[in-house]
Amino acid sequence: MSGCVVLALACAAAAQQEGPRVSRAGGPSTPVYSKDGTIVVYAPGAKSAYRAPVLVFVDRTREELRRTTRLKLGSHACLLEIAIGGQSDGDTRVLTARLRDREGGVRERIELPDPEKADLTKFRRAICAALLRAWMVDAGGTDATMRELPAWLIDGVVRYTDHEVRQTDVDRMLLLWSHACLPSAVELFAIDSLAATREPSVAAMLASWFLDKRQNVVPFEALLRGAATGTAWRPEGAGLLLAGTDDPAAFDQALDMWLLSEGRVVIKPGMTTSGIMRRFRAHLLLYPADYGKTLDASRAWRTFQEAVASADDPVIRLAAADKAVKMRMAAFGRDGMLLALSESYAAFLEALARGAKPGDLTRLLMEAEGMRRELESRTAKGAVLQRTVQE
Numbered sequence: 022m023s024g025c026v027v028l029a030l031a032c033a034a035a036a037q038q039e040g041p042r043v044s045r046a047g048g049p050s051t052p053v054y055s056k057d058g059t060i061v062v063y064a065p066g067a068k069s070a071y072r073a074p075v076l077v078f079v080d081r082t083r084e085e086l087r088r089t090t091r092l093k094l095g096s097h098a099c100l101l102e103i104a105i106g107g108q109s110d111g112d113t114r115v116l117t118a119r120l121r122d123r124e125g126g127v128r129e130r131i132e133l134p135d136p137e138k139a140d141l142t143k144f145r146r147a148i149c150a151a152l153l154r155a156w157m158v159d160a161g162g163t164d165a166t167m168r169e170l171p172a173w174l175i176d177g178v179v180r181y182t183d184h185e186v187r188q189t190d191v192d193r194m195l196l197l198w199s200h201a202c203l204p205s206a207v208e209l210f211a212i213d214s215l216a217a218t219r220e221p222s223v224a225a226m227l228a229s230w231f232l233d234k235r236q237n238v239v240p241f242e243a244l245l246r247g248a249a250t251g252t253a254w255r256p257e258g259a260g261l262l263l264a265g266t267d268d269p270a271a272f273d274q275a276l277d278m279w280l281l282s283e284g285r286v287v288i289k290p291g292m293t294t295s296g297i298m299r300r301f302r303a304h305l306l307l308y309p310a311d312y313g314k315t316l317d318a319s320r321a322w323r324t325f326q327e328a329v330a331s332a333d334d335p336v337i338r339l340a341a342a343d344k345a346v347k348m349r350m351a352a353f354g355r356d357g358m359l360l361a362l363s364e365s366y367a368a369f370l371e372a373l374a375r376g377a378k379p380g381d382l383t384r385l386l387m388e389a390e391g392m393r394r395e396l397e398s399r400t401a402k403g404a405v406l407q408r409t410v411q412e
């Protein structure tokens, strides 16, 4: 059950409990704290029953963000306080502020005017942003030095904590990329990037590059630490962290290579989506190594149907043997139907490599093509093919 659902149910239960106490709501109730004392929830007496479910939601959100960023979240130097309002009028707002006390300490504050109707997506985003800013305070950030990170990057990090949408995000990003709908890397990583702002999947994917890349320093942590101590956001800085270069052309090339590798990642074993099927289809071509010597040099590839017509050519046979191995790898980690499809194409390619008769090759190819059309039809209608671990 998602954190948002848990909070909604808990708040509904709290709403049922609060009825008898509304008329004698007096002053504020006792605040409740997280175990480490870095999160505190305040509420008026009439809304005291909302304190525990709200704290549980904040703690769960913090844990999800911690797993995603691998950062220690929660600062005694910058407490996160949640102020539950006394309204019951359907106000969905989530209000945020940074406060400074008389002693010079800072606090991140989130207010929920009506806790039962608050927009939980905005609440979750506000929690994550506040926790990251508090981390920056621990990293040496002050009012004078702290710089803003792009809003799309924070949104992307928050979205990336939801494992259930990751395959959707990969498919969407790669579809946009394959159709040349994405700008250059410098434009894509601009602080006001239109692509990342308008496309949540793009923001999540760009954030994932910072979060998942492992080197001497984790890029996302380096970004936060730099922003805390006065480093303003620059796309070239992102290029240095992610690709080791501030050259725009080299950054573009690194982005292309990263996206190619993302298309091969198995996010959820046993799952096949329309995007995965679309990328699988890109494997249905032969690239003979000597096409310029024994074949028409106008293009480097041949369709499988054209390969059948040239089945006597040793270059075609050699390419087919190599492709049979890669075909099986293309379905690695996917559901049983795609695995069976890749095996069917591999059987065709192996027959082509050993010099089978044209009639047999055509039959094997047509069997594989029929299976592919069926899978493409199902996934195009929104079906997600998936096998369970037990299978």
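Numbering (my numbering), first residue to last: 22 to 412.
We treat Cβ as the ideally placed atom computed from N, Cα and C, and that holds for glycine.
C-alpha gap between residue i and residue j, whole angstroms
i	j	result
R121	V178	27 Å
A73	F144	16 Å
L386	M392	10 Å
I60	V239	26 Å
L370	A328	10 Å
G403	E185	16 Å
D333	T324	15 Å
A160	V79	22 Å
G48	Y71	15 Å
T166	A303	49 Å
E137	L76	14 Å
W230	L263	7 Å
C149	T293	31 Å
L360	V405	15 Å
P67	S50	According to the sequence shown, residue 67 is Ala rather than Pro. Going by the C-alpha atoms only, they are around 8 Å apart.
A486	D112	Coverage of the chain is limited to positions 22 through 412, which leaves residue 486 absent and any answer about it impossible.
K344	A367	8 Å
V223	E85	20 Å
A341	T182	41 Å
R375	I297	30 Å
Y54	R146	20 Å
CB-CB length for residue i against residue j, believed under 8 Å
i	j	result
A98	E129	So it is not a contact: roughly 11 Å between Cβ atoms.
V158	S96	6 Å
A248	L170	5 Å
L94	W173	L94 to W173, Cβ: 21 Å. No contact.
A217	R180	So it is not a contact: roughly 11 Å between Cβ atoms.
Cross-strand partners of residue i (DSSP beta bridge)
i	result
M292	Q407
E129	L101 and R119
T324	L306
I60	L101
Residue i in three-state terms, based on DSSP
i	result
P52	coil
A46	Because the pLDDT at A46 is just 44, under 50, the model does not fix this residue reliably, and the point stays unresolved.
P65	strand
I337	helix
Q274	helix
W254	coil
F210	coil
K143	helix
A259	helix
R300	helix
R168	coil
T89	helix
R114	coil
R285	coil
Complete alpha helix (DSSP H) runs within the stretch 342-376 (minimum length 4 residues, chain order): 357-374
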